[in-house]
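Everything on this sheet refers to the single structure shown next.
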Amino acid sequence: MPETGSARPMRPELPLGNDAASIRRRIEALEKVLERSFVIPGIGRRVGLDAVVGLVPVAGDVVSAALGFYLVWEARKLGMSKFQIARMAANVGVDSVLGAVPIAGDAFDFLFRSNTRNLKIIQRHLDKHHPHTRIIEG
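If you use the working numbering, the sequence shown corresponds to residues 117 to 254, in order.
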């Protein structure tokens with residue numbers, strides 16, 4: 117008989133489907149990890165994996181760009197327009213190119229959140245074309 121009250125924490129499952137609701141949950145979770153997963157002590161500013169990994173020269177910028185382009189790939193699966201996809205790719209490109217500059221790029225990563233910008237573009241598309249995917253938080 118299984119134990120009740122187990123100490124294992126409940127973790128939300130990420131859906132693997134290709135439907136709009138599953139994609140929405142995946143990209144929102146990824147954006148949170150990339151842009152808002154840690155709080156900097158003392159100033160209370162939220163940063164994510166994108167800014168932290170960007171501190172590692174070259175490899176960190178490549179990883180950040182790959183994760184950013186994953187959001188663009190998910191948006192493409194939603195049937196978003198070429199203009200929206202190009203705009204999202206430009207956000208990731210600007211973040212990657214300027215983020216690769218030593219020291220100044222790290223400050224830029226701290227301020228320019230390309231993944232949050234891209235999430236907003238995707239959310240507007242989903243709210244218009246797939247309103248049933250909207251999650252109301254209270």
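Ideal placement from N, C-alpha and C gives every residue a C-beta, glycine not left out.
In this text the structure is predicted, and so the values were computed from the model without any measurement.
C-beta contact flag for residue i and residue j at 7 Å
{"i": "Arg-229", "j": "Glu-144", "result": "no"}
{"i": "Gly-164", "j": "Val-178", "result": "no"}
{"i": "Val-169", "j": "Gly-176", "result": "yes"}
{"i": "Ala-137", "j": "Thr-249", "result": "yes"}
{"i": "Glu-190", "j": "Ile-251", "result": "no"}
{"i": "Met-204", "j": "Val-188", "result": "yes"}
Closest by C-alpha distance to residue i, when choosing among the options
{"i": "Ile-238", "options": "Arg-192, Leu-214 and Ser-212", "result": "Arg-192"}
{"i": "Val-110", "options": "Leu-214, Pro-247 and Asp-135", "result": "As displayed, the chain neither begins before 117 nor continues past 254, which places residue 110 out of reach and without an answer."}
{"i": "Ser-212", "options": "Leu-194, Ala-202 and Phe-185", "result": "Phe-185"}
{"i": "Ala-220", "options": "Ala-167, Leu-183 and Leu-132", "result": "Ala-167"}
{"i": "Asn-264", "options": "Leu-194, Glu-147 and Leu-183", "result": "Nothing in the structure corresponds to residue 264, since the chain is present only between 117 and 254."}
Identity of the residues DSSP links to residue i by a beta bridge
{"i": "Val-60", "result": "Past the boundaries of the shown model lies residue 60; the chain is included only from 117 to 254, so the question cannot be answered."}
| If you pair each beta-carbon of the region 226 to 246 with each one of the region 203 to 210, do three or more pairs fall below 8 Å? | yes
| Would you call the region 220 to 229 and the region 237 to 247 in contact, with 3 or more CB pairs under 8 Å? | no
| field | Touch test, the region 154 to 174 against the region 185 to 204, Cβ-Cβ under 8 Å, three pairs minimum | value | Cβ pair count under 8 Å is below three, so no.
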